[in-house]
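Below: one structure, written as structure tokens.
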Amino acid sequence: PYSEPLGSGLNYIRNSVKVVIDAYDGSVTFYIADPEDALIRTYQAIFPALFVSAEQMPEYLRAHWRYPEDMFNIQASVYQSYHMRDARVFYNKEDLWAVPREVYFGSEQPMEPYYIIMHLPDEEKEEFLLMLPFTPVNKNNTIGWLAARCDGENYGKLLAYLFPKEKLVYGPSQIENRIGQDTVITEQLALWGRGGSRVIRGNLLLIPLGKSILYVEPVFLQAEAGGLPELKRVIVAAGERIAMEPTLEESMAAIFGAEELPAEPVVPPPPPAVP
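Residue numbering for the sequence shown is 1 to 275, as defined by the UniProt record's numbering.
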């Protein structure tokens, strides 16, 4: 599998270099993050003044490292098949996974990886992660999720969390359907649409929280004449419960109750850019 090409023909990818451009003078520095990469060692031998060790990167820059989305997408694509460890199951493709679908800007599309700050099980503090959930092929329930760690010495480590197959965990498309079937939510969205505003349902986020799964979806309004989208509501779903309120805190309080809010903080990524 190590040299098997993807659909685009790509069969080699590494997270070897971090490129920093100084916004004041335009100077470019190439920091080698993976000194074991043969290609980078070759380039460094050709251009010794161009590359420097990542150990020379200032700490204030190192703190902002993020695991690259393109590489994570490729790894997630491969993992959809290669998570199977039984040779017979793998040969017969009995347990293939897929990337779930979401409603974004009014149309369905595959979910994209998203950065999030969350508390991993058995860890002492929150971490900055890049993650993506999975569903079984041709099914809508969530089977697990893959995450890439971005902090400190754990940078670049991948973690996979799987749900028991006998336990039904709602998947993103099932949550999207429930949002579309909720009369309170749909009536409000339709009212805004008739009022001359464009209703934008943002990215749906699956957030593991304690022993439960939380789904969060922002709702934006944009004037038909243009302008920046304004965050208007936040939809939160957990189990059989769903709520749409002006803020994340209010939606979570509507579901869990003001006195029973989970103690672990959840920090969703910033609103999506409008094409």
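The C-beta atom is built at its ideal place from N, Cα and C for all residues, glycine as well.
Asked	Found
Can you list, in chain order, the residues of its chain with a C-beta nearer than 6 Å to that of valine 199? Leave out the 5 residues immediately preceding and following it.	Leu189, Trp192, Gly193
Is asparagine 141 closer than 8 Å to aspartate 169 when the C-beta atoms are compared?	Here residue 169 is valine; the residue named in the question, aspartate, does not match the sequence. Cβ distance < 8 Å, so valine 169 and asparagine 141 count as in contact.
Cβ atoms of tryptophan 97 and phenylalanine 134: under 8 Å apart, would you say?	yes
If we ignore side chains and look at the alpha-carbon of each, how far apart do glycine 156 and glutamine 75 end up?	12 Å
Under 6 Å Cβ to Cβ from glycine 196, same chain only, skipping five residues before and after it: list those, please.	Glu224
In the DSSP output, which residue or residues are listed as bridge partners for alanine 237?	Tyr215, Ile242
Would you check if the distance between the CB atom of tyrosine 43 and the CB atom of phenylalanine 51 is smaller than 8 Å?	yes
Have a look at serine 77 and aspartate 95 and give me their C-alpha separation to the nearest angstrom.	14 Å
Give a yes or no on whether the C-beta atoms belonging to isoleucine 175 and alanine 237 are separated by under 8 Å.	yes
Taking contact to mean 3 or more Cβ pairs, one atom from each stretch, closer than 8 Å, check whether the stretch 4-16 and the stretch 54-74 are in contact.	yes
Specify the secondary structure class of glycine 193 as computed by DSSP and reduced to three states.	helix
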